[in-house]
Structure formats: C-alpha cells, structure tokens
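Have a look at the structure below, then the notes.
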Amino acid sequence: MRLRLFIKMHITIQEGRCLPQLKRCTKCCKNFHCPFCRSTLFRPAKLSKVRTHLENHFNRAIFHQGYTVHRCGLDCRPQWHYHCIYCQSTLSRKPDFIKHLSFCKMAHPAPTSTVPAPTTTSRHPSTTISAPATLTAPTTPGGQMQRIHLEPFIHKTFPICQTVLNKKNVKRHIERKHTGKHKDITAASHLQSDCIDPENGVYTVHKSFHNDSIPLHVQNKVWGENQHVSCESTECQVNMELAWNSGLKANKCIHLKSITYCTSFASSPELQEQTLSEMVNSKWFGEDIKKICLGRQKLAKDNHIPLSGHSKTGTPQSKKYISIYEPTVSSYSKLGRVMVSYNTKSNSWFCPCSRTKRSCPHKYIAKWHLFQTHPELFSQVQRTEEEEYQSTVTSTGDKDSDDKADLGNIPYPPKDDQKMKAMVQYILKFKRLPAVLPEHFRLPSVKNQYPRHLIPEEMTCQHCPGKVPLSDPVLITHKAKILTNSCIVQDVSTYCKSCRQCGTQYRYQEWKDGLHNFNDQILLDLPLCVTIRNMLQVHTAVSRVVEYLELTTGVQFPSADTVLQAYLHFEALTDHDYQYSCVTCGDYPPVVIMDFLKKGAVHLSESDLTQPPEDFNGEVDMKHFWEALSMERIAQGFVKSQQNNPLAVPPTFHFWAPWIGKNTRHSNNVLNKEFEKVCSSKPAEVRVSEDQLREELNKQKVEVVRTLCQECGLDSTGSRTDLLMRLSKGTKSRQKYDKVFQKTWFASGGWAVIMCPCSIVYSIKYNIRAESPQDFTDLLLSWKHMPNIVIYDFASELATHMNLRDPERFPFKPFEGQLTAPTPDNITRAKEGKLKVSLSWLNHKKMVPDCDGHPVTGSAEHYALYDRFHDDNTKDGRNALRKVGLVPQLAGKVNSQVTEKLFARMKKNNYFLNMALPSTHLFLMRNIIHHYNIHKNKQ
C-alpha cells in the first residue's frame, strides 16, 4: 500500500533503498558529485567510484517507516547530521536522532493503514523475510500524508553457527566469532582446488572459506627422489614446520588437506607461437616480448613443467586466475609458480612480482594464454570510464592495468629512440615558455584552481602533410600530482594523443594553465618553479627547498632528485636568450678579466673519456652541443633514470663546448683543444702536499675511492675507511702518488670564466682536465672581436699561447710581450711604480681606426697584463712591464678582483653542484650565471 506525499523532502531522505539520479557536473569539473556530501568531504570522481561511495552511505543510514535517512554532509551544518522526516530538525548523533524520530512521530499523529502481513517465505534456505502487519504513515507538519514503501526486513542464518543475523552484520559476525577458526576438512566441506602439475604434485587451492581471495599454490609430492610438501601461505608453513619438529609428521594445513578431495584439473593447453605472432601483429606487445615468452616456454618444456594453467578456483567470478611457471624461487614464487589475475570488468592485471602499473613476463604469458583460450576478452578493451564520457575522452582501461607502456596500440612513452627524439625536438621547438613570465604566474596564488584533466591542445599532426587528425585523448594516469608552494594537488588526469598515420605522440605541455608538465606523473606550478630558481640564486639546494616545503605543508613531496629534474626540465623549455653581455660594455668589451674556479668540478677518471677522432681539429658546434643538453633534460621526463636516457650527453673531448654569448662569438663553431692536454700533461709537476691530497680523497664517494684502489693495484675490498688508509699508505711512493694525484686532483678542471670590469660573465668553460692558458686561448680565439686588454694570473703564458696560434685561421695581431720596451731602466721604474704607459684609445676611440681594430677602441693592440695581486708571482723581471697599474686609463678604474667576488659567491653552490652529473652540473651552472647576469644588468 502506498500513501502519497506532495511536499518535497530533503535529498538525504529516500524511499526504501532508492538513490537520487546522478548527473555529470558541468560547472566545476566533468566528474560526478556525491548528492549527500560536499566536495571537501568527497572529491568528485568517476561514476563507478561515486556508486561505491553511495553504498557505504547505507552503513550509516537509518531505516524508518519504509524510508532511508542518510547521514548528510552538505552545507546545512558544519558537522555530519541527519534530517528528520517529520520536522525541520537536524541532529548529529545517531542514537539521539533515532530517539527524536520516535517522539516526533508521536507529535505528528497520522491515520494508520492496515496491511495484511505477508506470509514468511524462504528465498534461500538460510534467508527469512518478515514484515510488520500494520504501518503508520507519517505526515508532515501540514498534515499531509507521506509516500511509503513496504521494505521487507531480511535475516540470514549463518551456516557455521546457525545464528540468525541481519544481512549487513554477517561480515562483522565473521570477524568477531569465526576468524582463525576452521571447519574440519571433509568430502562435504573442503576448499575448492585444481591440479596444475600432476607430475610434481602442484595444486591451486582457494585461500579461505569466506571472502574473495586469490588462490594459492601448494605442493604435495610424496613420491620419487625429490619429495616436497609445502604451502605457499607463510602462516601455514610456519605452523606445519613447528608441528613436524615436534614429531607430528602427519600435520597439514587446510589447503593441503583439501587437495585430497580435488577432482578437477586446470586448463593447461600448449600455447602456440602462431597465437603469439598474431598478438605482435595486433600490437599487444613487440618482438622483444615475444622472444621472452618463447624463451620461458622452452625452459618449461625442458623441465617438463606446464607453462601456464587456468585455475577455476578463486573469487570473484569476474576474475581469471592463470598460474605461470617461474624458474627462480623467490618470495612471490616459493613453489616455482606465480598466480596472475585478470579482472574482466576493469581490464586490470595483477602479478605479485611487480607493482600494479608495471609489466612483467608473467603478465605477458597470461595474456598469451587468454588470447588463445578466450579471444573474446581481447576483442574489445574494457572501459572504466562511463560511456557518456567516451565521446570526448577514450580510456584504454583502468590505470591499475599494466603500466603506461600498454596505453593503446602505440606504446607511450615511445620505446624507439628516434621517435622519442622527434617528440623531444617538437616539445623543445613549439612548447617554449617565455623568459619573463606574467606577474600572476610568478607569485604564489592563495587559491590554486587548476584543471583536473590535462589534455594536449593539438588536434592535427604537426609532422604529416595536410591536416591529419589525431586520435582521441588516451588516459595516461589519473594519479598525477601538481606540486605547489602550499600543497600537493592529487588525482589529476593526464592524457596523450597520437597520429594514426605516422605514430607521433603528443602530450600535455601547456604553460598558460600555470603548470609545467615534467613526466605526466609530476607537474610543477609556475610559482614553485620561480621559487626554486630564486632559492638557487641564494645558494639553496633543491633538496633543502623540498625539505622546507615538506615542513611547511606537512605533505610528503617526491624525492629531491625528481624535483630537481622537473625544475631543470622547466628551465630547458624556458626561452632564455643567454646573451652573456653587459649593458655598459656591450657585446665586445675592450678590457676583460679572466680567472679559474678550481673547486667547481666533478670527478672524472681519464679512463671514462673516449679519445677524439683522428681528424678532429678542435672545433665544436656550440649551439648543437647546448641544444643536446636541453634535449637531455627534456627526455628525462620520459625515462626512469639518467642511465636509461637515450639522449644523455656524456663528457667527451670532441663534443664538449663552452658558452659564449650569441653576439660575442664569431660563429657557432668554437674551439676546445682539451684533447691536447692528455698527451702533454704531466700532473706530477704540480706538486701538492700529501695532506691536501688526503683531504681531497676524503671528499670522494666510496665508488670513486674503490676504483682508485683498483687502478693503483691496491685491495679494493672493505669499508671506506679501509680504502682511504690503503691509499694513504700507497702514496708514500712517488709512482703511486702521481697516479692518485692525476686521478683525484686533476679529476676535472673546474670553470674558466671571462668577465668584464662590471662583473658580467661573457664566457664560461667547464674544463674536463686541469686549468691551462690553452683554455682561455680557445675562448678568446672564439670571440668575434679580440679584447685589447686581458687581465690574467698567467699573462705571459697566455701571450705565448696566443702567439702560437694558426695565423691563417686566426688572423689577429699577436699579443705584445710588455707594455713598453723591456730595457733595464723601464723594468726598474716599473717595479718602483714610476713608469706610466698611456693607452688613450681606452677612453677615446682612435680617429683613424687600425686595420682589424677593435670596434670600441679602434686599436689593434693586444696586451696580457697581471692584476696587482699577482704581478709579483713571476721570476722574470720583464713581466713587471705587464702591471695593470702602469696604464693610467686602468689604474683605479678596473677592479681586477671581480672574478674573486664571483667565485666566492659560486663556491657556496659547490655542495650540491659538485654532486651532480657532469651534464647536469654544466646546464645548471650556465643557468645560474645567466640569472646572475640579468640581476647585475638590472642593477
């Protein structure tokens, strides 16, 4: 009997077990909202998740007079509460609300409706249904009658203890009364099992009598030479071994007892290579996976063991359980087999040997088995997103499937190195960020509103001729994270598209949303990128920035190395000009100061470097080299580690270039003749004390110290302290000292820097080997216009190198030996500070410029001078004529210590730069100095 109601009730009050109709949100997102909770309590999710969530609402609901009153989490009140059926009251506690309903019902009397009591019938031998004979129809305060459903009250008789229970209390009853208790195993009551390998006595057995579970393996081989009785369950095995050690040899667990009544065999067909080839042609996986599967099949045949078997045990029925042969015994394959499960509803795979989103040989073999025995499962990929959403976004399955390598028919990210390189080149060319970000992207926002579905903007392929449309967006992951200064935004979905014609793939890489995509799993918001950039300028490592963010937000961030790689990815895509030019001195400063930062280095062994080709003349395409470093940074977003990066740039003599500003260098081909040091270097000539060498050794990583011991013929086993003690004793001999000195002190040569007197850096060069005037010679000869005055500690050696250059390739006027004639009188006067040599063209350009004269001064004269701190370091008296103080135009006007100030600043970065890989060190150093130059130019 139904009584009608004409007043609309609160949404949390529903008839019977009905639920309100769910509709997709079109305002803030494209997902579904819970009608009973606000978004801060339950975030919008896909339809299946919301339905599961609503089922949980019934656990806290109250059933009254045919109505279900759900707990309300909307904005009616800050706390969870219930709405009364009869009045406008809301109460928080469930017992109070039930008591209120009884009183409120009496306060609002209503006519009774007599309904015949239904006859109790049994739907199931353990199920009884009862209903009250009379029901009172509740009314609203206006006296109008409400609509009522007659809801039968279902009880169940629990089969173990014959207790009559409410259906919803069965699970709790099992946990309280029957956990850890097992019935006797008999022919009428035993666990379901299948025989997998009759020859070796291997079975699959259902794990328990109740609840869904994956079947486990047991072995009961009591014949032949290698007898073995074991259960895959650790708990069972420990209990049996304890009983066996106590003399109870017949003791077995319920799984081994159950196989006594096993009457079925698992389906173990011989898998055909033709089926595997068909899967390769259908692009389920590639030829390399095919070889792995065939190798496992051959190994199984040689050992007379079934490769795979489809077990009928296990629940639920929507899952397929495939037992796979595993030749190696481990924690997940104790009996030489692994159980792989496939969920036909969510299209997800599970194997205990790997994480959910990772593929493994067992999953490949299981797919091979099901493709041959159940091809209908592969005819249409199951979808986890709701059907109405698939018109805009195509998902290949729940992301609990293998991993992102199995997204669609085309692997993502691309496995082929050339395809990955093409994808990186496209991103580098078309997805650049502006050098100066808009102000609202530079400052952290109070409330971050970011899109939750990040889809590439491209609609057509950018490589194919014509407008070839791209595929529908394919879901990469719905668990991506956006890192910000104040929090981590969870559960963000990222997508990719592919060209059906050429196979090129496109991913989300749009900066206009205020985001920077690193690897589709980790995204940085732009204010965080600017924060990291500024923290590096004040000598704070990214690891310390991450630690600060974790302490501030109370949230666990990804590893510091991941955040560093993400930041470098951001800088590689930022459209920096890297001018390396002073706003005062211009692109061609007539006076430069040069020096060497020795402690800014990484440790490289000479054996780590390949020799240059025989026809290498010392010229390197600088633009190509630095583009390769940027591509290495971008490709890092598609690989797991630097070792797997196909675009990595290792240090080599023939592909290692300095950085010189675009307008300062004469062309993209610059000089780097460091390979000549290898043949001519004599490291033992520069002798340092053993204490200095021992201090340098203490800074090395244990792997470096162990390698040094091996190369010096010393024992390389033991702890770090043992290795250092052996090296310390080994350096007592001159031969061992020279070897360790060459490997350690000259591990890498640091940074060669050329600056103008305004402290702006014009050129930097990261030396693979120790400092030499040849390095600065290479830099200066790569300039478009040679500076007239060069201030350097080793001025005479530099002048010698400059004058030995090839005049046909570098037609510059040689560097003068001294400022004036080296007569005894001039030398004496110079030492006493009484000699002055005027170079008036430093202040006023020559009226008639010299041939090949400098564009600023008009002079073709070139001098290599000492600063006032190093002019007494030479034994040659003639070098007194190289003092900067002899030139009135320079004395008191040129601060030759600008390099020392820069190095004092940059040394504060060594604690994290020197721990980085060479290419990372190089890329980050250029970027830090670039921002340093910009700041100086603004000042």
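Using the working numbering, count along the sequence shown one by one with no gaps and you end on 1810.
For each residue, glycine too, the CB sits at the ideal point set by N, CA and C.
Within the region 1177 to 1217, not a single complete alpha helix (DSSP H) segment reaches 4 residues in length. As a beta-bridge residue in DSSP terms, K1636 pairs with A1623. Within 10 angstroms of the beta-carbon of L1170 lie fewer than 16 other beta-carbons, which makes it exposed. With fewer than three CB-CB distances shorter than 8 Å, the region 1199 to 1219 does not count as touching the region 1146 to 1163. Within the region 877 to 917, no run of alpha helix (DSSP H) reaches 4 residues while sitting entirely inside it.
Our two residues, N1543 and P1529, have alpha carbons roughly 8 Å apart in a direct line.
The continuous beta strand (DSSP E) containing K1368 extends over residues I1359 to S1369. For A1306, the secondary structure class from DSSP, reduced to helix, strand or coil, is coil. C958 counts as exposed, since fewer than 16 other C-beta atoms from the protein chains shown sit within 10 angstroms of its C-beta. About 17 Å separates the Cβ atoms of D1362 and R895, ruling out a contact at the 8 Å cut-off.
K1764 counts as exposed, since fewer than 16 other C-beta atoms from the protein chains shown sit within 10 angstroms of its C-beta.
If one requires a minimum length of 3 residues, the beta strand (DSSP E) runs lying completely within the region 1704 to 1736 are 1734 to 1736, in chain order. In terms of CA proximity to S1709, L1757 leads the group G1688, L1757 and L1127. Distance between I1326 and E1381, taken at the CA atoms: about 9 Å. Cβ-Cβ separation between Y1451 and H1656: approximately 15 Å, too far for a contact (criterion under 8 Å). Within the DSSP secondary-structure output, Q1090 pairs in a beta bridge with V1073 and S1101. If you check the CB distance, I1067 and A1137 come in under 9 Å. Contact check for C1332 against L1346 fails: the beta carbons are separated by 9 Å or more.
Looking at the DSSP output, M1465 shares a beta bridge with I1625.
Ranked by Cα distance from R964, the options P1232, K1286, R942 and K976 are led by R942. In the structure shown, the three-state DSSP call for D1065 is strand.
Cβ contact annotation for N1780 (same chain, cutoff 6 Å, sequence separation greater than five): H1410, in chain order. The residues H1387 and C1400, in chain order, have a CB closer than 6 Å to that of F1441 in the same chain once the five nearest residues on each side in sequence are set aside. If you draw a straight line from the Cα of F1496 to the Cα of Y1637, it comes to about 13 Å. DSSP places Q1289 inside the alpha helix (DSSP H), whose first and last residues are D1288 to F1301. As computed with DSSP, K1352 is found in a beta bridge with I1393. When DSSP states are grouped into helix, strand and coil, I1698 belongs to the helix group.
Shown here for F1312: same chain residues with a beta carbon closer than 6 Å to its own, the five before and five after excluded, namely G1385 and L1397 in chain order. Comparing alpha-carbon positions, the option among P1789, K1300, G887 and F1686 lying closest to D1446 turns out to be K1300. P1187 has its alpha-carbon roughly 58 Å from the corresponding atom of I1799.
Assignment of beta-bridge partners to G1457 by DSSP yields C1453. Spatial neighbours of E1329 in its own chain (CB-CB distance under 7 Å, excluding positions within 5 residues in sequence) are listed in chain order as L1341, K1368 and Y1377. Contact between T1244 and H1181 holds, since their C-beta atoms are separated by about 7 Å, short of 8 Å. Bounds of the beta strand (DSSP E) holding L1386 are L1386 to N1388. By the Cβ neighbour-count rule, C889 is exposed, with fewer than 16 other Cβ atoms within 10 Å of its own. Excluding the 5 residues flanking it on each side, V1426 has same chain C-beta neighbours closer than 7 Å at C1358 and I1359, in chain order.
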